[in-house]
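Notes for the one structure printed next.
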Amino acid sequence: MLGGYVGKVLRVDLSNEKIRVEDLNMEWARKYIGGRGLATKYYVEITKDAKIDPLDERNALIFATGPLTGTPAPSASRYMVVTKGFLNGAIAGSNSGGFFGPELKFAGFDMVIIEGKAKSPKYLYINNGKAELRDAKHLWGKDTHETTEMLHKELKDDKVEVACIGPAGENLVRFSAVINDKHRAAGRTGVGAVMGSKKLKAIAVRGTGKVTIAKKDEFTNVLKDKLKKIKENPVTSQGLPTYGTAVLVNIINTQGLYPTKNFQYGQWEHANELSGESMSEKYLIKNKACFACPIACGRVTKLDGLDSEGPEYESLWTMSADLGIADFKKVIEANYYCDKYGLDTISFGGTLAAAMELYEKGYISKKELDGLDLTWGNADTLVKATELVAFRKGFGNKLAEGSYRLAESYGHPEFSMSAKKQELPAYDPRGAYGHALEYATSNRGGCHVRGYMISPEILGIPEKLDPLKVEGKGAYTKMFQDLTAVIDSSGICLFTSFALGADDYRDLLNVVTGFDYTTEEMMLAGERIWNLERLYDLQAGFTGKDDTLPPRMLREPMPDGPNKGSVVPLEKLLSDYYAARGWTPDGVPKEEKLKSLQL
Amino acid sequence: MKVQYFATLRKITGKQEEEISAKNVDELLRKILEEYGEPFRNALYDKDGFRKGVIILKNGKNILYLKNLETELSDSDTVSIFPPVAGG
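Shown next as C-alpha cells:
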C-alpha cells in the first residue's frame, strides 16, 4: 500500500471559473517526490512555453505539498509555491511552513494548480474535498492580517487556514510574497505578484482528513529515531529554540561575512545589539512552532501594541546591517509591516540598500524622493518604505521593481547585490566560496536555501570545510543542492537537516510512501529535480553567463575583517561545479546526463 | 585577551565577555572550564571531544585553520567561542 499522498490534484481555471479534480500522477510522484519537484514537473508540462511573461494568464501557479506534509514526521509542515517568478522570470519555488500545507492535505489535495485569470477578485475556498471560487471584492485592498481575519469571520471557522496576498501582491510588486498564518511567507521570487495578476486574493482551506502512512508498524520506530536525533542535537534542541534563526548574527559577523551597507563591508559594529541573543532578552514573548515541529524556532515578539513574529535572521540583517540601521524596534516594526503588506523582506531590504548606495554616490537626487531620506541608518525611512513599496507610492514605485531594475534605471546595475536579479541573502560570498557558488547557480536566483553551504563552511555542520578553499566545493555544493531538492519536495523543513542526514530522509519517505527508495535513487530524484529546473531556466532564456555574482564580489576585495582582501574566484568554482553536474563548460546539461536522469 | 561568549554560553557564564590571560587556546579553555565547570563542558564537548559545530575564533579566524588548540594568544587578541548553533 502507498501512503503520504492523498492522490488528488485540484485544477482551477480562473478564466472560465471551472474547477475539476484529477488523480495525482503516481509515476511522476516517485520520480519527483512531491512539493517543489513534482510541482515543477506539473508546471513545465502545463505551461509549455517557458518564454511567456510571468503575468501572462498561461503562467500556472501551483501550491504543492510533499508526501510527508501533514504526517507526524518532524517539522512536516511545508508547502511550495511554484510558478514563473515575476522578479526574474526564472522557475520560482517559494517554500513556507505554518499550518496551511498540512490543512490542504487534510482537505483532500496534494496540490492546487491555478490557471488563467479571474475577471474580478476571487478567493478559493476548499473544504474537505470540495472547492469553489467566491467573490473577493470586499477583500481586495486588505492586508494579509485583515484578509485572514475576515475570512475566519465570513467562513465562521477560525481553523480555516489562509494563504493570501496583501497590497504588494495586488499592486504587482516584483518581490511580493504569499503569506499564510499571518506571518509565514512563501517569500521569494515574486510569487505574490503572479497571484495578484490572476486576481486571486486568497486560498482558504479546511480539512478534517488524515494522511495515510504506508508502513504504520515501522513508522513509530523510525519517527522515534529521528526525533531522538533532533532532541540530542544541540542546534535543533537548544540554539534554534532558544534564540531562533537570528542566533546567526554574531557568528556570521564575527567571521567577517555579515554584509553591511549593501555589501560594502563584512562586519557591523552594532551586530551584537541587534542579534538573536539581544532579541531573546528584550522582545521575545514566546517560541512558536509550525505543524509537528519539535524545534519551534519561530519568535513571537511584542512591541508597542504590535503582536508580531520574527524577525528571522535574514529579515533582521536586511533591515539593519545592510542599511546601517541600529534601531531594533524599527526593524521589528518594519518586519511586521512586510508580513502585513506581503513583501519579501530580503528583496525589500536589499532594494532599499541599493537605493541608499545610489543616493550616497549621487546617482539618485534628493528632489525625486518626495522627502524620503535615503541616508544610511535612517530607521524612519525603513518603516515608511514598506508602505511606499507595497502601494507603489512615490519613489516606492521605483523600489517596487527590485534592486536590479532600480539600479539599471540609473545606469548602474552594479549596485544591485543580486544574482539573476534576485537580491542576495545575509552572507557575503567573499567569506565563503561554496556559498558563492550556491548564489551564482541557484535556479531561482540569489538564494541561500537551495544548497546552504554556510552550514559546512562556517557552522561546521555536518563537517567543517575551509570557507576560502576552492577545491571540492563544486561537488559539495551539488550534493547539498540535490539533497535540498529532496527535502523541499518531501514537505519537511530544511532545518531538520542540521540533525538529520540523507539516510534519515530516505527512512522517513519510505515508511510514509512505501516507495522503498534506496538513498541513491532518492538522491537521483533530487538531481533530476535540479536539472529539470535548470532546463526550464535555459528555455526561459537564461544561459551559463547568468551564473554570476555582482561585480563587487568578483573584483572588489573585502575591505575589512578576517576575510580582508578576498574576492570570489568564481570561474574556477563554476568549472568544477559544471563538471560535477555533468554539464558542458557553458552550463548546459549534457545529453548523457539527461538520459541518466530520465529527463 | 578579550574572550567573547555567545548563545547559551552567555547564560552559563552570565557574561558576554571578559578578560583572561593564557598563552594558547588550550590553556584558555582549561581556565574557562575550571571557572564554569560542567555546564560549560557539556555545551562544548561530548564523549568524543568538541561537539560538532563548536566554533572558536581568534580575531575572527577559526582556530582550525591556525594551530588549533596550540594557537598562540596575546593580550591584544579577541577569542570568540560559540556552542553549536545554526539558522538561516
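Residue numbers (my numbering), protein chains in the order written: chain A, 19 to 617; chain B, 6 to 93. Even for Gly, the Cβ is constructed at its ideal location relative to N, Cα and C.
- Residue 82(B) carries a coil assignment under DSSP once its states are collapsed to helix, strand and coil.
- The C-beta of residue 113(A) comes no closer than 7 angstroms to any C-beta of chain B.
- Residue state for residue 511(A) is assigned as coil, using DSSP reduced to three classes.
- Among the residues of chain B, those whose CB is under 8 angstroms from the CB of residue 482(A) are 67, 69, following chain order.
- In the DSSP assignment, residue 256(A) falls outside any alpha helix (DSSP H) and carries neither an H nor an E.
- The beta carbon of residue 49(B) does not come within 7 angstroms of any beta carbon belonging to chain A, so the residue lies off that interface.
- Secondary structure at residue 47(B): helix, using DSSP grouped into helix, strand and coil.
- Interface annotation, residue 74(B): not in contact with chain A, CB-CB separation never under 7 angstroms.
- Residues of chain A with a Cβ closer than 7 angstroms to the Cβ of residue 62(B) are, in chain order, 272, 273.
- Along the stretch 556-579 of chain A, the positions whose C-beta sits under 8 angstroms from a C-beta of chain B are 579, read in chain order.
- For residue 427(A), the uninterrupted alpha helix (DSSP H) run begins and ends at 420-427, by DSSP.
- A Cβ-Cβ contact shorter than 7 angstroms links residue 253(A) with residue 91(B).
- In the DSSP annotation of this structure, the continuous segment of the beta strand (DSSP E) that includes residue 112(A) starts and ends at 109-114.
- By the criterion of a C-beta distance shorter than 6 angstroms, residue 568(A) is surrounded in its chain by 435, once the five residues flanking it on both sides are discounted.
- In the DSSP annotation of this structure, the continuous segment of the beta strand (DSSP E) that includes residue 98(A) starts and ends at 97-102.
- When the alpha-carbon of residue 429(A) is set against those of 379(A), 446(A), 450(A), the nearest one is in 379(A).
- Looking at 527(A), 560(A), 152(A), the one whose alpha-carbon comes closest to that of residue 437(A) is 560(A).
- Counting only unbroken stretches of 3 or more residues, the beta strand (DSSP E) elements lying wholly within the stretch 203-253 of chain A are 218-224, in sequence order.
- Around residue 85(B), the beta-carbon contacts reaching into chain A at under 9 angstroms are 268, 269, 272, 273.
- As summarised for the stretch 315-381 of chain A, the continuous beta strand (DSSP E) elements at least 3 residues long and confined to that stretch are 316-321, 324-327, given in chain order.
- Closest in alpha carbon position to residue 374(A), among 359(A), 400(A), 95(A), 212(A), is 400(A).
- Judged by DSSP in its simplified three-state form, residue 557(A) adopts helix.
- Burial of residue 546(A) is indicated by the presence of at least 16 other C-beta atoms within 10 angstroms of its C-beta.
- Proximity of residue 11(B) to chain A, defined by a Cβ-Cβ separation below 7 angstroms, is satisfied.
- DSSP places residue 408(A) inside the alpha helix (DSSP H), whose first and last residues are 397-408.
- The beta carbon of residue 42(B) does not come within 7 angstroms of any beta carbon belonging to chain A, so the residue lies off that interface.
- Here residue 80(A) is near residue 100(A), since their CB atoms are less than 7 angstroms apart.
- Under the 7 angstroms criterion on CB atoms, residue 8(B) is classed as non-interfacial with respect to chain A.
- Unbroken alpha helix (DSSP H) stretches of 4 residues or longer found wholly inside the stretch 441-510 of chain A: 451-459, 491-508, given in chain order.
- Ranking 36(B), 31(B), 48(B), 7(B) by CA distance to the CA of residue 16(B) puts 48(B) first.
- Short of 8 angstroms from the beta carbon of residue 24(A), and not among the five residues preceding or following it, lie these beta carbons of its own chain, in chain order: 42, 123, 126, 127, 128, 227, 229.
- Residue 414(A) and residue 63(B) have their alpha carbons spaced roughly 43 angstroms apart.
- Inter-residue distance for residue 411(A) and residue 270(A) is about 35 angstroms (C-alpha atoms, whole angstroms).
- By the rule that beta-carbons nearer than 7 angstroms mark a contact, residue 27(B) does not touch chain A.
- Under a 10 Å Cβ-count criterion, residue 33(A) is classified as exposed, with fewer than 16 other Cβ atoms of the shown protein chains found around its own Cβ.
- Residue 150(A) is bridged by DSSP to 143(A).
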